[in-house]
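Visitor: Residue numbers for the sequence shown follow the working numbering, so the first one is 378 and each next one is one higher.
Don't be surprised by glycine CBs; every beta carbon is placed ideally from N, CA and C.
On a predicted model such as this, the values are computed, not experimentally measured, just so you know.
The structure's right below; bear with me while I get my questions together.
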Amino acid sequence: MTTMSHVCVRVLDLERSLAFYREALGLTPQREMTMEDRGWRLVFLGDNETPFQLELCKQVGRTQPYQLGDDTPHVAVTAKDFAALKARHQAEGRVVDQLPGGIYFIQDPDGHLIEILPPK
């Protein structure tokens, strides 16, 4: 048996991404680490309620944006106050796609999609 731990996304500008995930979704740094032998700086974000984390991986010295594929995977989060968060994201111009039933997507500064779900 296994349990979910985290998902990793590569980011070009770590500070910009940290600000986005804090402002748009309320995620905050839970732990950080540097892998000097690999040239990576890692920051793990969490919601302070569940153990699952989003790992932001910055390749030190990289200046070129990442090229996302045609079938880009996405991260999904559940919003406790879905209507209020959706209204805020719409007002901020963050909503990039909507599905029947109200589920919607926003995009982080590196183009990663985040699916926003209502509570079950």
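1) Let me know if Ser382 comes out buried or exposed under the rule of 16 or more other beta-carbons within 10 Å of its beta-carbon.
2) How would you label Leu433, buried or exposed, when you count the other beta carbons within 10 angstroms and need 16 or more for buried?
3) Suppose you measure from the CA of Thr455 to the CA of Asp424; what does that come to, to the nearest Å?
4) Exposed or buried, which one is Asp447 when buried takes at least 16 other CB atoms within 10 Å?
5) Return the residue from the list Tyr443, Tyr398 and Gly438 that minimises the CA-CA distance to Glu413.
6) On the three-state DSSP scale, how would you describe Phe429?
7) Tell me His383's beta-bridge partners as DSSP assigns them.
8) Tell me which residues share the same chain as Arg399 and place their Cβ nearer than 7 Å to its Cβ, disregarding the 5 neighbours each side in the sequence.
9) Would you say Leu494 and Phe482 are within 7 Å of each other, going by their C-beta atoms?
10) Assign Arg471 to buried or exposed, taking buried as 16 or more other Cβ atoms, counted over all protein chains shown, within 10 Å of its Cβ.
11) My understanding is that His451 touches Glu492, with C-beta atoms under 8 Å, so please give their C-beta distance in whole angstroms.
12) Check Tyr481 in the structure and name its three-state DSSP category.
Guide: Well, looking at it:
1) exposed
2) So Leu433 ends up on the buried side.
3) 11 Å
4) exposed
5) That would be Gly438, whose Cα lies nearest to the Cα of Glu413.
6) coil
7) Gln430
8) Thr405
9) no
10) buried
11) 5 Å
12) strand
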